[in-house]
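Take 5 as the starting number for the sequence shown in the numbering used here and just add one per residue.
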Amino acid sequence: MSPATRIFLVFAAGYFLSYLFRTVNAVLAPDLVATFELSASDLGLMTALYFLSFAGMQPALGILLDRHGPRRVQSALLIVAALGAGLFAAAESRATLLVARTLIGLGVAGCLMAALKATVLWFPKERLPLVNGGILTAGGLGAVVAATPVELMAASAGWRVVFASLAGATLATAAATWLAAPERRPRVLPRPSPSSSAASPRSIARTSSGGWRRPSRRTRGHGSRCTGSGPEPGCAKRRVSTVSPCPITRSRCRWR
C-alpha cells in the first residue's frame, strides 16, 4: 500500500467515525429512553452538548493544526472521542451520558479539518478534488452505517456493545493515524508581501460581509448542515487560504 493510500484511508476513517457519532444517537434513542427514562428534552440536550463542544473546539483547532500538524491533532482528539464512547457505553446515569456525549463532540471536532489539512500537505494539488471528495464520501457512508447496520447491531447485542465497539474503532483509528501519517515539522516560511495572492483579513471580511448582513440565512444554513437535514455534509464550513506547498512537500509527495 502506498503512503498516499495509507494517509487517505486513516483520515477518511476519522471522518467516517465523526459522521457516525453525529447520527448514532437518533437511531439508538428508543433504547436510551428505555434504559434511562430520558425525556425529549434530555435527548435534545445530549445533541446540543455534542454540537456545542464540537463548535467550541473550532477556534483553537486551526491554530493547533497549523502548529502541530494533522497527525498529532487528529490522533489526540480521537483518543478523547474514544474515551467519550467508552464512557457512554458504561454510563449508568443521565449525567454520565451528557459528559460522554460532550467528550465525543470534542474528540471528533477536528476530523474534517484535519483531513483537509492533510490533503493539502501531502497530496499534489491536481489530486485534491478527488481526495477531498473521497473524504466527504466516507462521511456520507458513516451516516449510512449509523442507520440500519447500527440498529441491527443494537437489536442483537445491545446499544452498549455498539458504543464499546465504536470506542475500540476510534482508538484503533487514532493509532493508525499516528503510525500512517508522516511527521511534518513546521518550517519558517517567508512573510508574504502585500501583493501576495494569500487573502488578507480585510478581503476575507469583505467577501463574507454579505452573509453577516443576513444572519438568519447563515443560521438556517449551518443548522441544516449540523442536523443532517441540509444538502451538504459537514457542520463547520470555514474559509481557508492556503499557501503554496513547501519544497519538501513537493519532493516527497508526488504520489499518483
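Glycine is no exception: its CB is placed at the ideal position from the N, C-alpha and C atoms.
query	result
Say whether the segment 153-165 touches the segment 128-145, bearing in mind that this needs 3 or more beta-carbon pairs closer than 8 Å, one atom from each stretch.	no
Would A286 and R10 qualify as a contact pair, given that the criterion is a beta-carbon distance under 8 Å?	In the structure as shown, the chain starts at 5 and stops at 260, and residue 286 therefore has no counterpart that could be examined.
Going by other Cβ atoms of all chains shown within 10 Å of its Cβ, with 16 needed for buried, is I67 buried or exposed?	exposed
In the DSSP assignment, find the alpha helix (DSSP H) that holds S45 and state where it starts and stops.	A44 to A93
With a threshold of 6 Å on Cβ separation, who are the neighbours of Y23 within its own chain once the five nearest residues in sequence on each side are excluded?	G143, G146 and A147
Between the segment 50-60 and the segment 70-79, do at least 3 Cβ pairs fall closer than 8 Å?	no
I'd like the list of long-range same chain contacts for G137, defined as Cβ closer than 6 Å, with 5 residues on each side in sequence excluded.	none
May I ask you to report which of helix, strand or coil DSSP gives G109?	helix
For M157, does the three-state DSSP call read helix, strand or coil?	helix
What three-state label does DSSP hand S169 in the structure shown?	helix
Return the chain-ordered list of same chain residues with a C-beta closer than 6 Å to the C-beta of M5, the five sequence neighbours on each side being excluded.	none
With a cut-off of 8 Å, does the C-beta of G109 fall near any C-beta of chain D?	The question asks about chain D, but that chain is absent: this structure has only one protein chain.
Assuming T123 contacts V14 under a Cβ cut-off of 8 Å, what Cβ separation, rounded to an integer in Å, is found between them?	At roughly 12 Å, the Cβ-Cβ gap does not stay under 8 Å, so T123 and V14 are not in contact.
When burial is assigned at 16 or more other CB atoms within 10 Å of the CB, is G48 buried or exposed?	exposed
What are the start and end residues of the alpha helix (DSSP H) that includes K121?	C115 to W126
Residues in the same chain with beta-carbon distance under 7 Å from R260, minus the five sequence neighbours each way, listed in chain order, please.	Low confidence applies here, because R260 scores a pLDDT of 39, under 50, leaving its location unreliable and the question unanswered by this model.
Within its chain, find whatever has a CB closer than 7 Å to the CB of A151; leave out the 5 residues flanking it on each side and keep chain order.	V31
Return helix, strand or coil for E130, following the three-state DSSP convention.	helix
Since Q62 contacts A95 with CB under 8 Å, what's their CB separation in whole angstroms?	Not confirmed; about 26 Å, so no contact.
In terms of residues, what are the limits of the alpha helix (DSSP H) holding S22?	P7 to F40
Taking the Cβ atom as the reference point for each residue, do A118 and L69 lie within a distance shorter than 8 Å?	yes
Please check the pair A89 and L170, which I expect to be a contact at CB under 8 Å, by giving their CB distance rounded to whole angstroms.	5 Å
When we look at the beta-carbon of R105 and count the other beta-carbons within 10 Å, is it buried (16 or more) or exposed?	buried
L82 to P128, Cα distance in whole Å?	26 Å
Measure the C-alpha to C-alpha separation of R98 and F40 and round it to an integer number of angstroms.	7 Å
Quick check on DSSP: helix, strand or coil for G138?	helix
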